[in-house]
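K.L.:
For the sequence shown, our numbering assigns the number 84 to the initial residue and increments by one for each residue that follows. Note that beta-carbon positions come from the ideal geometry of N, C-alpha and C, so glycine has one too. These numbers come from a predicted model, not from an experiment.
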Amino acid sequence: MKLNLFTLPLLWLLSACGSGSEGEAKAQVVPDAKAPESVIVSENLAIPDNRSLDTYQILVIGNSHVQSIQKFLTLIFQNGLKEKEINIDKRVGAFLDVIVDKESLVELVEARPWTHIILQGQKYSQSQSVLYSTEATRTWIQRAKKKGATPILYPEHPQRGNLLEADYVHSIHVDIADEESSCIAPVGLSWNKVLAIEPDLDLYQADGNHATELGALLSALVLYQVVSGQTADALPYIAELPGTESEQALLGQIASQTVAEHVTCVF
Numbered sequence: 084m085k086l087n088l089f090t091l092p093l094l095w096l097l098s099a100c101g102s103g104s105e106g107e108a109k110a111q112v113v114p115d116a117k118a119p120e121s122v123i124v125s126e127n128l129a130i131p132d133n134r135s136l137d138t139y140q141i142l143v144i145g146n147s148h149v150q151s152i153q154k155f156l157t158l159i160f161q162n163g164l165k166e167k168e169i170n171i172d173k174r175v176g177a178f179l180d181v182i183v184d185k186e187s188l189v190e191l192v193e194a195r196p197w198t199h200i201i202l203q204g205q206k207y208s209q210s211q212s213v214l215y216s217t218e219a220t221r222t223w224i225q226r227a228k229k230k231g232a233t234p235i236l237y238p239e240h241p242q243r244g245n246l247l248e249a250d251y252v253h254s255i256h257v258d259i260a261d262e263e264s265s266c267i268a269p270v271g272l273s274w275n276k277v278l279a280i281e282p283d284l285d286l287y288q289a290d291g292n293h294a295t296e297l298g299a300l301l302s303a304l305v306l307y308q309v310v311s312g313q314t315a316d317a318l319p320y321i322a323e324l325p326g327t328e329s330e331q332a333l334l335g336q337i338a339s340q341t342v343a344e345h346v347t348c349v350f
């Protein structure tokens with residue numbers, strides 16, 4: 084398999100997920116940090132289906148939660164789809180509304196023939212007391228489809244001890260996709276399943292928010308299946324990835340099961 088891996092410097096300061104506005108007495112609606120210059124009013128283009136292409140050009144956009152996704156997806160594709168040429172690029176560091184009209188990033192999206200664009204970084208309230216605008220995320224989806232790329236929303240995993248957060252965050256992204264058609268990778272829901280089976284599995288860093296390498300692998304396995312349509316549970320043990328053989332098998336099985344249980348893409 085031909086492989087071109089682009090490791091790019093951070094363009095923005097790393098941001099954590101969720102919102103900084105908690106403990107409100109009543110839910111309030113918060114507009115985007117920057118109102119996006121929408122590409123279209125709402126043509127709601129169909130989702131391009133690029134699973135069968137011989138070459139994947141994948142762009143990952145998000146905050147600090149996608150930091151390890153590029154390297155793990157690369158290793159997974161090297162072992163799972165050796166016949167394809169894979170190019171993976173990433174831009175990490177900010178919420179989607181903060182960077183919605185960042186000129187260098189918009190130009191990057193326009194300049195290359197992306198087949199898949201993974202979008203993480205929709206703001207949400209951890210206390211569910213604040214409703215954040217989804218306009219910027221919908222604008223990113225519009226841009227991806229206009230380029231012929233498959234947009235894939237990435238609802239992040241829940242914080243340690245708050246499994247209900249996964250359902251809440253996933254539901255936000257379902258609502259977005261209802262308004263602007265997009266694929267959704269059920270990342271947080273897969274974490275809930277794994278933690279229900281193996282609650283002591285080391286998926287979290289000490290802050291209880293960010294993923295360990297093992298946790299990031301689980302997220303990457305879900306994305307692999309949504310991108311390619313190939314089941315994660317059919318992957319071999321990959322020594323270069325984190326986790327024992329049994330741990331990788333469990334993560335692959337749960338990733339595949341979770342994707343199978345949800346409508347991830349409506350092509």
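Enumerate in chain order the residues of its own chain whose CB-to-CB distance from ALA108 is below 7 Å, with the five nearest sequence positions on each side excluded.
P.N.:
Interpretation of ALA108 is limited by its pLDDT of 39, a score under 50 that renders its predicted location unreliable; no figure is taken from the coordinates.
K.L.:
Assign GLU126 to one of two classes, buried (16 or more other C-beta atoms within 10 Å of its C-beta) or exposed (fewer than that).
P.N.:
GLU126 should be labelled exposed.
K.L.:
Thinking C-alpha only, which one of SER135, ASP137, ILE159 and ASP132 is nearest TYR320?
P.N.:
Among SER135, ASP137, ILE159 and ASP132, the Cα nearest to that of TYR320 belongs to ILE159.
K.L.:
Taking its Cβ as the centre, do 16 or more other Cβ atoms sit within 10 Å of LYS173, making it buried, or is it exposed?
P.N.:
By the neighbour-count rule (16 or more Cβ atoms within 10 Å), LYS173 is buried.
K.L.:
Would you grab the beta carbon distance between VAL342 and VAL310 for me? Rounded to a whole angstrom, and I think it's under 8 Å.
P.N.:
Contact doesn't hold; Cβ gap of about 11 Å is too wide.
K.L.:
Expressed to the nearest angstrom, what Euclidean distance is found between the alpha-carbon atoms of VAL252 and GLU239?
P.N.:
Their backbone Cα atoms lie some 7 Å apart in a straight line.
K.L.:
Could you compute how far the alpha carbon of ARG243 sits from the alpha carbon of SER302?
P.N.:
So the alpha carbons of these two residues sit roughly 15 Å apart.
K.L.:
Can you say whether LEU297 is buried or exposed, counting buried as having 16 or more other CB atoms within 10 angstroms of its CB?
P.N.:
The residue in question, LEU297, is buried, as its Cβ has 16 or more Cβ neighbours within 10 Å.
K.L.:
Span of the beta strand (DSSP E) holding GLY145?
P.N.:
138-145 is the span of the beta strand (DSSP E), which, as asked, contains GLY145.
K.L.:
So the beta strand (DSSP E) THR233 belongs to, where does it begin and stop?
P.N.:
Unbroken beta strand (DSSP E) run through THR233: 233-236.
K.L.:
Around the Cβ of ALA280, are there at least 16 other Cβ atoms within 10 angstroms (buried) or fewer (exposed)?
P.N.:
Strictly speaking, residue 280 in this sequence is Ile, with Ala absent from that position. The residue in question, ILE280, is exposed, as its Cβ has fewer than 16 Cβ neighbours within 10 Å.
K.L.:
For CYS266, which residues does DSSP report across the bridge?
P.N.:
ILE235, per the DSSP bridge assignment.
K.L.:
Where VAL175 and PRO241 are concerned, what is the direct C-alpha to C-alpha distance, given to the nearest angstrom?
P.N.:
So the two alpha carbons sit approximately 19 Å from each other.
K.L.:
Alpha carbons only, please: which of ASP316, TYR287, PRO234 and LEU284 is nearest the one belonging to ALA268?
P.N.:
The shortest C-alpha separation from ALA268 is found at PRO234.
K.L.:
Starting from LYS173 and walking both ways along the beta strand (DSSP E), at which residues does that stretch end?
P.N.:
Start and end: 168-175.
K.L.:
Measure from the C-beta of VAL181 to each C-beta in chain D and report whether the shortest distance is under 9 Å.
P.N.:
Annotation note: the requested chain D is absent from the structure, which comprises a single protein chain.
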